[in-house]
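S.K.: Quick note: to get our numbering, add 508 to the position in the sequence shown (first position is 1). Beta carbons are placed, not taken as given, at the ideal position from N, Cα and C, and that holds for glycine. Just dropping this structure here.
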Amino acid sequence: MGGSLSQKPCPEDEEVRLPVELQASQYKQRVTRLVEEAQKSPPSESLDVTLRRCIAFCYSVTTEWAPFVRVTVFADNSAEHQLNVPVHSTLLTCLGEPGFETEEVPCKAVPGTDVQFGHVRPSLFWTRRVACRVPLRSLAHIYLKWFADLEDTDERKQLLVNILLQMHEACYNCVGRHKEVFEYCIYDLMQAEEPVPICRGGTHSAQAVCQHAAAFLDRHKRNALHAAFLSPLKFLFQRRYEVFENLDSHGASFWVAILRSFNSDLDMPFENIEELDMGWIWGAVDFLPHMQSSPACTALHRFSQPENLGLDWRMLTKDLPKPQALPGRFRGLPARPGPDGFKEALRRVQQPHHRDVFRSYVRRFVNFFDQEVLLRCWALSAVSSVRWDAELGPALAELDGKPPQELRLELCSTDGAANLSAASRLLRAASVPWASV
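Below you can see the structure in the form of structure tokens.
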């Protein structure tokens, strides 16, 4: 959620504009429904009570003892570890829950984070309002309660352990980390929610296939963002901790904003934090000119191959020496961090010179949405899905008339043309919007 700084499109940008069928996001739709739920039917219990229940499950204590649980929070950098810090009061204070805004929760001071003054404070991320009046913490309350309400024997409830751990760890970081953790929590919620039931009849089967295809599209967008921008930056800055650690959060924030400046209606499965982002400048690096000679050009070539989508950058570059020289930031963009600098940077991106420079970057992302690439990636996603036997295979069989195993063999065909034809036929049978692009 959050404000968008989209700009008026230029005619020259048509070559890097995604079709409208590819612009929707299942993630964004789920967040929108959470906002509606927070407005119309908020949880019947307080966030304090829900958190006690979550802590009780995750740390095997009673709800009465939950406020007294203290843990060590480990950071990537050992100098930022937080020792013997409370869970309950930290989260309620950071989330900005009324009655806890002035709670004194001391911790180790970490420069450049929300706890730089040695105490936990309400986060601008969780206290900002979406849909005019709903604080974002209300959405966290809903998904925390959803997991807390599951039976303890339900294996999906184990996701709550990682959710609570990450939300707590983020309290000692910054708005970019809160953004990243919130996204992970929504992904976990969507994964845990019951799939569309399969019944006899094409409507339900088509719905199940469309649901899988929408989840695939979001995952494809995340993979494309990494391949186009974040993986090259991680390779180049792997020895620079202060840059490297900010790429998944602030780097993603910057590049998603750039994509939306070329595709104003594009929904990405990420939060928009332009109005809060203090660290966007970490991702504003002009890396393409720097990656024209070995070993960086080899790394860039590997990141650009569709068959490598979703693979970790370390796996793709483990045989390459670490780069020595580093690229600089984009010339002509403001050098100051913070939301005002971000807003000015996006304004300047509309200028012809900057537009030409960034168009070549956006093209890297758009290339991953070629129809053949989408169909091949979807086919691989379908046949490797843990839901093939119980849900996806029967749904496709209902629509196509062939047994699930025969369809699986078609999608796994080593004949590229046959593989694409099968994927296209099955997706069209379910009326998946982007299958006809």
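Counting only the same chain and skipping the five closest in sequence on each side, list residues whose C-beta sits under 6 Å from that of Glu918.
M.R.: Cβ within range, chain order: Ala930.
S.K.: To the nearest angstrom, report how far apart Ser769 and Val857 are at their CA atoms.
M.R.: Near 8 Å, if we compare the C-alpha coordinates of Val857 and Ser769.
S.K.: Measuring alpha carbon to alpha carbon, tell me which of Arg822, Trp790 and Pro835 ends up nearest Ala853.
M.R.: Closest by alpha carbon: Trp790.
S.K.: Need the endpoints of the beta strand (DSSP E) that Val593 sits in, please.
M.R.: Counting along the chain, the beta strand (DSSP E) containing Val593 begins and ends at Gln590 to Pro594.
S.K.: DSSP three-state label for Thr580, please.
M.R.: Thr580 falls in the strand class under three-state DSSP.
S.K.: Using DSSP's beta-bridge definition, name the partner residues of Arg837.
M.R.: Paired residues: Val793.
S.K.: Under a three-way DSSP split, which group does Arg637 fall into?
M.R.: In the structure shown, Arg637 sits in a strand (DSSP, three-state: E or B).
S.K.: Nearest to Gln590 by CA position, among Arg636, Ser597 and Arg578, is which residue?
M.R.: If we check each option's Cα against that of Gln590, Arg578 comes out closest.
S.K.: Below 8 Å, can you find three or more Cβ-Cβ pairs linking the stretch 779-798 to the stretch 734-752?
M.R.: The stretch 779-798 vs the stretch 734-752: in contact.
S.K.: Quick check on Ile706: does DSSP put it in helix, strand or coil?
M.R.: Any answer about Ile706 is weak, because its pLDDT of 48 lies below 50 and its placement is not dependable; what the coordinates show is given next. Residue state, collapsed to three classes: coil.
S.K.: Give every residue of the same chain whose Cβ lies closer than 6 Å to the Cβ of Phe850, excluding the five residues on either side of it in the sequence, and list them in chain order.
M.R.: Glu782, Asp785 and Trp788, listed in sequence order.
S.K.: What does the alpha-carbon distance come out to for the pair Leu934 and Leu904?
M.R.: If I take the Cα positions, the gap works out to 7 Å.
S.K.: Taking Pro847 as part of the alpha helix (DSSP H), name the residues at either end of that continuous run.
M.R.: Here the alpha helix (DSSP H) through Pro847 covers Pro847 to Arg856.
S.K.: Put Val642 into one of helix, strand or coil per three-state DSSP.
M.R.: Of the three classes helix, strand and coil, the one that applies to Val642 here is strand, per DSSP.
S.K.: In whole angstroms, what separates the C-alpha of Arg645 from that of Cys602?
M.R.: Distance between the alpha carbons of Arg645 and Cys602 is about 10 Å.
S.K.: When you compare the stretch 681-688 with the stretch 757-767, are there three or more beta-carbon pairs, one atom per stretch, that lie closer than 8 Å?
M.R.: Touching, per the Cβ criterion.
S.K.: Which runs of the alpha helix (DSSP H) spanning at least 4 residues fall entirely within the stretch 856-903, listed in chain order?
M.R.: Correct list: 860-874 and 879-891.
S.K.: Thinking Glu605 and Asp556 are a contact (beta carbons under 8 Å), I'd like their distance in whole angstroms, please.
M.R.: 7 Å between Cβ atoms; contact.
S.K.: In chain order, what residues of the same chain lie with their CB nearer than 6 Å to the CB of Glu529, ignoring the 5 residues before and after it?
M.R.: Excluding positions up to five away in sequence, the list reads Pro941, Trp942 and Val945.
S.K.: Could you check how far apart the C-beta atoms of Ala804 and His798 are, in whole angstroms? I think they sit under 8 Å.
M.R.: Yes, they are in contact, since the Cβ atoms of Ala804 and His798 sit about 7 Å apart, within 8 Å.
S.K.: For Leu506, which residues from the same chain have a beta carbon less than 8 Å from its beta carbon, with the 5 sequence-adjacent residues on both sides left out?
M.R.: Given a span of 509 to 945 for the chain in the structure shown, any question on residue 506 remains unanswerable.
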